[in-house]
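Asks:
Residue numbers (mature numbering (1 follows the signal peptide of the UniProt record, and there is no 0)): -24 to -1, 1 to 341.
1. What did DSSP end up calling residue 220 once you bin it into helix, strand or coil?
2. Any idea what DSSP makes of residue 94, helix, strand or coil?
3. Measure the alpha-carbon distance for residue 337 versus residue 179 and round it to whole angstroms.
4. Drop a sphere of 10 angstroms on the beta-carbon of residue 196, count the other beta-carbons inside from all chains shown, and report buried for 16 or more, exposed for fewer.
5. Going by DSSP, which residues form a beta bridge with residue 253?
6. If you draw a straight line from the C-alpha of residue 208 to the C-alpha of residue 224, how long is it?
7. Going residue by residue through the segment 107 to 185, where are the continuous alpha helix (DSSP H) segments of at least 4 residues, counting only ones entirely within it?
8. Give me the Cβ distance between residue 161 and residue 98, rounded to the nearest whole Å; I'm assuming they're in contact under 8 Å.
9. For residue 230, which of 189, 151 and 325 has the nearest alpha-carbon?
10. Smallest Cα separation from residue 59: which of 50, 32, 68 and 106?
11. Thinking C-alpha only, which one of 220, 20 and 206 is nearest residue 212?
12. Pull up the distance between the alpha-carbon of residue 292 and that of residue 332, whole angstroms please.
13. Are residue 105 and residue 128 close, meaning C-beta to C-beta below 8 Å?
14. Among 164, 193, 57 and 245, which residue has its Cα nearest to the Cα of residue 175?
15. Could you spell out the range, first to last residue, of the beta strand (DSSP E) harbouring residue 289?
16. Determine the direct distance from the alpha carbon of residue 122 to that of residue 144, and round the result to whole angstroms.
17. Which residue or residues does DSSP assign as beta-bridge partners of residue 19?
18. Starting from the C-beta of residue 244, find all residues in its chain whose C-beta is less than 8 Å away, skip the five residues before and the five after it, and write them out in chain order.
19. Looking only at C-alpha atoms, which of 53, 227, 42 and 67 sits nearest to residue 26?
20. Could you give the residue range of the beta strand (DSSP E) that holds residue 245?
21. Where residue 39 and residue 170 are concerned, what is the direct C-alpha to C-alpha distance, given to the nearest angstrom?
22. CA-CA distance, residue 151 and residue 264?
23. Rounded to whole angstroms, what's the CA-CA distance from residue 267 to residue 281? Just pull it up for me.
24. Just to confirm my understanding: we take residue 72, look at its own chain, exclude 5 residues before and 5 after, and list those with CB closer than 8 Å. What are they?
25. Would DSSP call residue 69 helix, strand or coil?
26. How many whole angstroms separate the CB atoms of residue 334 and residue 285, which I take to be in contact at a CB cut-off of 8 Å?
27. Pull up the CB-CB distance for residue 348 and residue 37, whole angstroms please, since I reckon it's below 8 Å.
28. For residue 300, which residues of its own chain have a beta-carbon under 7 Å away from its beta-carbon, when the five flanking residues on both sides are left out?
29. Would residue -9 be called buried (16 or more neighbouring beta carbons within 10 Å of its own) or exposed?
30. Check each candidate in 84, 78, 94 and 69 and name the one with the smallest Cα separation from residue 41.
31. Label residue 295 either buried or exposed according to how many other C-beta atoms from any shown protein chain fall within 10 Å of its C-beta, with 16 as the threshold for buried.
32. Ordered along the chain, which non-local residues of its own chain (more than five positions away) have a Cβ less than 7 Å from that of residue 57?
33. What number of angstroms, rounded off, separates the C-alpha of residue 304 from the C-alpha of residue 310?
34. Tell me the residue span of the beta strand (DSSP E) that contains residue 264.
35. Would you tell me roughly how many angstroms separate the C-alpha atoms of residue 350 and residue 84, rounded to the nearest one?
36. Would you decide whether residue 80 is buried or exposed? Buried here means 16 or more other CB atoms lie within 10 Å of its CB.
Following this line, the structure appears as structure tokens:
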């Protein structure tokens, strides 16, 4: 009888305990079902390199996951865990990003956030122009540039020519002249940076050489051995030469015996049209020779050093015509073409400060 009472008492206590536990759990579950995430926010990390890349990091108290809707051209979304981020590439513009936080109970909280993607104007724009007679090649480089537009400046209402980063565009001008070449660096958005360069397009360089034409690049080539050259106003506009501008050749003191100047010729000097070179010379002394040397024959014949003539002036302090007759050199073929003109003066001695003037260089029969 005592055992039966003990068993009955144990069962009664157990039922009471179970009843209390279930009631407590039911109450807690109800509370969890109504609890949602709080303080929903975000961190936008917008790239400054004009890539449009935006890293979105959602934050909230009590969230176990987030759904991020980018608000750009798609209805798809991505799920992000707490502490994680998602990245999306946007064009420049204004967007609305929607973030939905889910709590441990499954309750959701959503909020929208404005996103403004603005590209910065390209910086440090550098333009490279490479000219070859009427052809111009353009390259450009700038920080934060997505692409470029090139305006060559030779037609009205010109439409820009697209230029890719690390690319090059080419253009042929119909006539020589000065053109304003404009390069616009594009950010990928509204901001842009531009640079305009006045560029002289020259005609092909070749004989005759008068030193009077703005369409000829008389500075082409260079010097060697210590001499200097320049196109100057004619200091002695008398006698045979009254033209406005001439070429000044200075053999500075100490210049080498082998010193001189060289000028590449875009239009080869063609002996089929004549083999005599005539020019006007002004010197303050007589008896010193001027060398005319023709180099870089088309096809390689003759070799450099063959087409060389020296003629001494016989008149001081007055313009004189000198004639260089290359028909006297048998090693030069009748149809030879040369692509470089070289001048040297008094190659028997070092320079002592001599100054001569040359003008009206031409090829004749």
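Positions of the beta carbon are idealized from the N, C-alpha and C atoms, including for glycine.
Keep in mind it's a predicted model, so treat the numbers as computed, not measured.
Replies: Let me spell this out:
1. Mapped onto the chain shown, residue 220 falls at position 244. Coil at residue 220, not helix or strand.
2. Counted from its first residue, the chain shown places residue 94 at position 118. If DSSP states are grouped into helix, strand and coil, residue 94 belongs with coil.
3. For the purposes of this step, residue 337 is identified with residue 361 of the chain shown, where counting begins at 1. For the purposes of this step, residue 179 is identified with residue 203 of the chain shown, where counting begins at 1. Going from the Cα of residue 337 to the Cα of residue 179 covers about 17 Å.
4. Your numbering for residue 196 matches position 220 in the chain shown. Its Cβ having fewer than 16 others within 10 Å, residue 196 is exposed.
5. Your numbering for residue 253 matches position 277 in the chain shown. Beta-bridge pairing links residue 253 to 300 and 339.
6. What you label residue 208 is simply residue 232 of the chain shown in a count that begins at 1. What you label residue 224 is simply residue 248 of the chain shown in a count that begins at 1. Looking at the two C-alpha atoms, the distance is approximately 7 Å.
7. As for any alpha helix (DSSP H) of minimum length 4 sitting wholly inside the segment 107 to 185, there is none.
8. Here residue 161 refers to the residue found at position 185 when the chain shown is read from its first residue. Here residue 98 refers to the residue found at position 122 when the chain shown is read from its first residue. About 4 Å separates the two Cβ atoms, so the contact holds.
9. Here residue 230 corresponds to residue number 254 of the chain shown, with the count starting at 1. In this structure, 325 is the residue among 189, 151 and 325 with its C-alpha nearest to the C-alpha of residue 230.
10. Position 83 of the chain shown, counted from the start, is the residue given in the question as residue 59. Across the set 50, 32, 68 and 106, the C-alpha of 32 shows the shortest separation from the C-alpha of residue 59.
11. In the chain shown, counting from the first residue as 1, residue 212 sits at position 236. Ranking 220, 20 and 206 by Cα distance to residue 212 puts 220 first.
12. Translated into the one-based positions of the chain shown, residue 292 becomes position 316. Translated into the one-based positions of the chain shown, residue 332 becomes position 356. In a straight line, the C-alpha of residue 292 is about 10 Å away from that of residue 332.
13. For the purposes of this step, residue 105 is identified with residue 129 of the chain shown, where counting begins at 1. For the purposes of this step, residue 128 is identified with residue 152 of the chain shown, where counting begins at 1. The answer is no: Cβ separation not under 8 Å.
14. Looking up residue 175 in the chain shown gives position 199. Taking residue 175 as reference, the option from 164, 193, 57 and 245 with the minimal CA-CA separation is 193.
15. Looking up residue 289 in the chain shown gives position 313. Taken as a continuous stretch (DSSP letters only), residue 289 belongs to no beta strand (DSSP E), as it is neither H nor E.
16. Translated into positions along the chain shown, residue 144 becomes position 168. Translated into positions along the chain shown, residue 122 becomes position 146. Taking the straight line from one Cα to the other gives about 14 Å.
17. Stepping through the chain shown from its first residue, residue 19 is reached at position 43. Its beta-bridge partners are 33.
18. One-based indexing of the chain shown puts residue 244 at position 268. Answer for residue 244: 182, 274, 313, 314 and 315, listed in chain order.
19. Here residue 26 is taken as the residue at index 50 of the chain shown, counted from 1. When only C-alpha atoms are compared, the closest one is 67.
20. As a first step, residue 245 is located in the chain shown; it is residue number 269 there, counting from the start. It spans 236 to 246 - the beta strand (DSSP E) in which residue 245 sits, taken as one unbroken run.
21. Within the chain shown, the letter at position 63 stands for residue 39. Within the chain shown, the letter at position 194 stands for residue 170. When rounded, the distance between both Cα atoms is 49 Å.
22. The count along the chain shown starts at 1 and reaches residue 151 at position 175. The count along the chain shown starts at 1 and reaches residue 264 at position 288. Approximately 41 Å between the Cα atoms of the pair.
23. Here residue 267 is taken as the residue at index 291 of the chain shown, counted from 1. Here residue 281 is taken as the residue at index 305 of the chain shown, counted from 1. Straight-line Cα distance between these residues: approximately 12 Å.
24. Against the chain shown, residue 72 aligns to sequence position 96. Hits under 8 Å: 47, 88, 89, 90 and 91.
25. As a first step, residue 69 must be located in the chain shown, where it is residue number 93. In the structure shown, residue 69 sits in a strand (DSSP, three-state: E or B).
26. For the purposes of this step, residue 334 is taken as residue 358 along the chain shown, with counting starting at 1. For the purposes of this step, residue 285 is taken as residue 309 along the chain shown, with counting starting at 1. The Cβ separation is near 15 Å, so there is no contact.
27. There is simply no residue 348 to check, as the chain begins at -24 and stops at 341 in what is shown.
28. Position 324 of the chain shown holds residue 300. Correct list, in chain order: 252, 253, 268, 285 and 287.
29. To locate residue -9, count along the chain shown from 1; it is residue 16. With a pLDDT of 38 at residue -9, under the threshold of 50, the predicted position of this residue should be treated as unreliable, though the coordinate-derived value follows. With fewer than 16 Cβ atoms within 10 Å of its Cβ, residue -9 is classed as exposed.
30. Counting from one through the chain shown, the residue named residue 41 turns up at place 65. Answer by Cα proximity: 78.
31. In the chain shown, the residue the question calls residue 295 occupies position 319. Label assigned to residue 295: buried.
32. Locating residue 57 in the chain shown gives position 81, where the first residue counts as 1. Here the set comprises 41.
33. Taking the first residue of the chain shown as position 1, residue 304 is located at position 328. Taking the first residue of the chain shown as position 1, residue 310 is located at position 334. So the two alpha carbons sit approximately 11 Å from each other.
34. As a position in the chain shown, residue 264 is number 288, starting the count at 1. No beta strand (DSSP E) contains residue 264, which DSSP labels as neither H nor E.
35. No information on residue 350 is available, as it lies outside the stretch -24 to 341 that the chain covers here.
36. In the chain shown, residue 80 corresponds to position 104, counting from 1. Exposed: under 16 other Cβ atoms inside 10 Å.
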